[in-house]
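Numbering (my numbering), first residue to last: 110 to 468.
Ideal Cβ placement from N, Cα and C applies to all residues, glycine included.
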């Protein structure tokens, strides 16, 4: 029964590894992502960068196809309607300590040791690094993440509710297509946004110069519009998954009862669904917020001039081998994201099978 979760987990790790840029660039590992950046910035060749992005996207789609093919038509589920708490294994003596140590390895090397080192470095460099510019970067990151999360959540709510109202094949196809953005690396999404937005800007500027005698500049590609659009395209599936999961727990009879009392579809959404989806909406909002807060590749490509975030500044300092100076920025990202992660962990723990089982 664990097979679908294992396959999905392996596919998710593979896609995250493909999308990573900061780590592989710092250690000098040549990947598709670093190659796209090198061609885009070093050679100033947008065509070649787009070709590399398409190749990377094809590889991602191949991973998704492999995951679907591995499942085929197999279904894994409980045989009955009752769900039970998973049985706990009791280890005695040294086996218990060994099991505890194995379970602590990811937490120790993945969070505790790096966070402790960042804390030590941040304590040493804070008097010199934490200033007005640091607070400005923190504000930029928080407002940008919050704005992108709210936009993605609004779009996810519209798509999820639209699919509930009209579960037609075309609507389902549109929702599934919108859900493919998370599989694409941030670099691919950024290039896919930059090229058409730049073409639109050139067209608008040419029209304004000819007919109005003024220049519109970079209305789309040179502002936060392109960056917010890329964030929504990249992380909309995260919000959409949370909204859809919440909608499936609302019985259709609730909609029918509200409609029979004279409510419009919009009224059903705001008066019935939104209050009942409060937990799911908050979870989706926090997930997108954390993802946007630490997003690097798309921000590097699409950010306006003289606009920085904590992730970009930490990357710039680390690239200059100023690791201690980058620690406060990296630690701020960790602290800003740790609260939502704790809340999500508690919410996931409450929804595990068996905790709401019927006696």
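From 230, 455 and 418, residue whose alpha carbon lies closest to that of residue 252: Counting from one through the chain shown, the residue named residue 252 turns up at place 143. It is 418 whose Cα lies nearest to the Cα of residue 252.
Under 8 Å Cβ to Cβ from residue 413, same chain only, skipping five residues before and after it: list those, please. Position 304 of the chain shown, counted from the start, is the residue given in the question as residue 413. The residues are 331, 332, 333 and 336.
Is the separation between the beta-carbon of residue 225 and that of residue 437 shorter than 8 Å? Along the chain shown, one-based indexing puts residue 225 at 116. Along the chain shown, one-based indexing puts residue 437 at 328. No; because the gap between Cβ atoms is not below 8 Å, this pair is not in contact.
Cutoff 7 Å; reference residue 188; Cβ partners in own chain excluding five residues on either side: As a position in the chain shown, residue 188 is number 79, starting the count at 1. With a pLDDT of only 48 at residue 188, under the threshold of 50, the placement of this residue in the model should not be trusted, and no figure is reported.
Is the separation between the beta-carbon of residue 271 and that of residue 280 shorter than 8 Å? Within the chain shown, numbered from 1, the residue matching residue 271 stands at position 162. Within the chain shown, numbered from 1, the residue matching residue 280 stands at position 171. Taking 8 Å as the Cβ cut-off, residue 271 and residue 280 qualify as a contacting pair.
Let me check understanding here. Comparing Cα to Cα, which of 376, 123 and 149 lies closest to residue 406? As a working note, residue 406 is residue 297 in the chain shown. For residue 406, the nearest C-alpha among the options comes from 149.
Can you give me the Cβ contacts of residue 447 inside the same chain, cut-off strictly under 8 Å, excluding the 5 residues immediately before and after it? Here residue 447 is taken as the residue at index 338 of the chain shown, counted from 1. The answer is none, since no qualifying residue turns up.
Is residue 287 closer than 8 Å to residue 378 when the C-beta atoms are compared? Within the chain shown, numbered from 1, the residue matching residue 378 stands at position 269. Within the chain shown, numbered from 1, the residue matching residue 287 stands at position 178. Contact flag unset, no.
Can you tell me the Cα-Cα spacing of residue 301 and residue 211, whole angstroms? On the chain shown, residue 301 is found 192 positions in, with the first residue counted as 1. On the chain shown, residue 211 is found 102 positions in, with the first residue counted as 1. Rounded to the nearest angstrom, the two C-alpha atoms are 42 Å apart.
Cβ pair residue 163, residue 127 closer than 8 Å: Sequence index remark: in the chain shown, residue 163 carries index 54 (1-based). Sequence index remark: in the chain shown, residue 127 carries index 18 (1-based). No.
Touch check for the region 382-399 and the region 312-324: three-plus C-beta pairs under 8 Å? no
Can you tell me whether residue 340 is helix, strand or coil according to DSSP? Numbered from its first residue, the chain shown carries residue 340 at position 231. In this structure, residue 340 counts as helix in the three-state DSSP scheme.
What distance in whole Å lies between the Cβ atoms of residue 329 and residue 392, which are believed to be in contact at a cut-off of 8 Å? Numbered from 1 along the chain shown, position 283 holds the residue referred to as residue 392. Numbered from 1 along the chain shown, position 220 holds the residue referred to as residue 329. Between residue 329 and residue 392 the Cβ distance is about 31 Å, and since that is not below 8 Å, they are no contact.
Buried or exposed: residue 220, going by 16 or more other Cβ atoms within 10 Å of its Cβ? As a working note, residue 220 is residue 111 in the chain shown. The residue in question, residue 220, is exposed, as its Cβ has fewer than 16 Cβ neighbours within 10 Å.
Ignore the nearest five residues each way along the sequence and tell me which others in residue 190's own chain have a CB closer than 7 Å to its CB. Position 81 of the chain shown, counted from the start, is the residue given in the question as residue 190. Low confidence applies here, because residue 190 scores a pLDDT of 48, under 50, leaving its location unreliable; read the following figure in that light. So no residue of the chain qualifies.
Terminal residues of the alpha helix (DSSP H) in which residue 252 lies: If you number the chain shown from 1, residue 252 lands on position 143. Per DSSP, residue 252 belongs to the alpha helix (DSSP H) from 241-274.
Can you have a look at residue 160 and say buried or exposed, based on whether 16 or more other CB atoms are within 10 angstroms of its CB? Locating residue 160 in the chain shown gives position 51, where the first residue counts as 1. The residue in question, residue 160, is exposed, as its Cβ has fewer than 16 Cβ neighbours within 10 Å.
Using the three-state DSSP reduction, which class does residue 139 fall into: helix, strand or coil? For this step, residue 139 is matched to residue 30 along the chain shown. Coil, per DSSP.
If you drop the 5 nearest sequence neighbours on each side, which residues of the same chain put their C-beta closer than 7 Å to that of residue 292? Residue mapping note: residue 292 aligns to position 183 of the chain shown, counting from 1. These residues qualify, in order along the chain: 124, 169 and 173.
Residues in the same chain with beta-carbon distance under 8 Å from residue 262, minus the five sequence neighbours each way, listed in chain order, please. Locating residue 262 in the chain shown gives position 153, where the first residue counts as 1. Counting only Cβ-Cβ distances below 8 Å, and skipping sequence neighbours, we find 348, 352, 390, 393, 394 and 397.
Figure out for me which residue from 362, 295 and 197 has the closest Cα to the Cα of residue 131. Translated into positions along the chain shown, residue 131 becomes position 22. Closest option to residue 131, Cα to Cα, is 295.
Quick one: Cα of residue 411 to Cα of residue 146, how far? The sequence position of residue 411 within the chain shown is 302, counting from 1. The sequence position of residue 146 within the chain shown is 37, counting from 1. Cα to Cα, residue 411 sits roughly 12 Å from residue 146.
Residue range of the alpha helix (DSSP H) that includes residue 394: Locating residue 394 in the chain shown gives position 285, where the first residue counts as 1. 387-402 is the extent of the alpha helix (DSSP H) around residue 394.
Beta-carbon contacts of residue 234 that lie in its chain and below 8 Å, excluding the five residues immediately before and after: Residue 234 sits at position 125 when you count from the first residue of the chain shown. Closer than 8 Å at Cβ, skipping near neighbours: 433, 434, 436 and 437.
8 Å Cβ cutoff met for residue 267 and residue 341: To locate residue 267, count along the chain shown from 1; it is residue 158. To locate residue 341, count along the chain shown from 1; it is residue 232. The answer is no: Cβ separation not under 8 Å.
Is residue 430 helix, strand or coil by DSSP? In the chain shown, counting from the first residue as 1, residue 430 sits at position 321. Looking at residue 430 - three-state DSSP - the assignment turns out to be coil, as it is neither helix nor strand.
Taking the alpha helix (DSSP H) that residue 211 belongs to, which residues open and close that run? For the purposes of this step, residue 211 is identified with residue 102 of the chain shown, where counting begins at 1. Where residue 211 is concerned, the enclosing alpha helix (DSSP H) stretches over 203-216.
Can the beta-carbon of residue 297 be found less than 8 Å from the beta-carbon of residue 165? Numbered from 1 along the chain shown, position 188 holds the residue referred to as residue 297. Numbered from 1 along the chain shown, position 56 holds the residue referred to as residue 165. In this structure, residue 165 lies closer than 8 Å to residue 297 by Cβ.
Report the three-state DSSP secondary structure of residue 315 (helix, strand or coil). Taking the chain shown and counting its residues from 1, one reaches residue 315 at position 206. Here residue 315 sits in helix by DSSP.
List, from N- to C-terminal side, the beta strand (DSSP E) runs of 3 residues or more that fit wholly inside the region 146-173. none
Nearest-angstrom Cβ-Cβ length linking residue 135 and residue 362, presumed shorter than 8 Å: Within the chain shown, numbered from 1, the residue matching residue 135 stands at position 26. Within the chain shown, numbered from 1, the residue matching residue 362 stands at position 253. Actually they do not touch by this definition, with Cβ atoms about 55 Å apart.
N-terminal and C-terminal residue of the alpha helix (DSSP H) that residue 129 is part of: Taking the chain shown and counting its residues from 1, one reaches residue 129 at position 20. Counting along the chain, residue 129 falls outside any alpha helix (DSSP H), and DSSP gives it neither H nor E.
Considering only the beta carbon of each residue, do residue 430 and residue 420 sit closer than 8 Å? Taking the chain shown and counting its residues from 1, one reaches residue 430 at position 321. Taking the chain shown and counting its residues from 1, one reaches residue 420 at position 311. No.
Does DSSP put residue 115 in a helix, a strand or coil? The count along the chain shown starts at 1 and reaches residue 115 at position 6. It is helical.
Need the endpoints of the alpha helix (DSSP H) that residue 361 sits in, please. Translated into positions along the chain shown, residue 361 becomes position 252. That run of the alpha helix (DSSP H) goes 361-369.
Roughly how many angstroms lie between the CA atoms of residue 137 and residue 143, to the nearest whole one? Counted from its first residue, the chain shown places residue 137 at position 28. Counted from its first residue, the chain shown places residue 143 at position 34. For residue 137 and residue 143, the distance between alpha carbons rounds to 9 Å.
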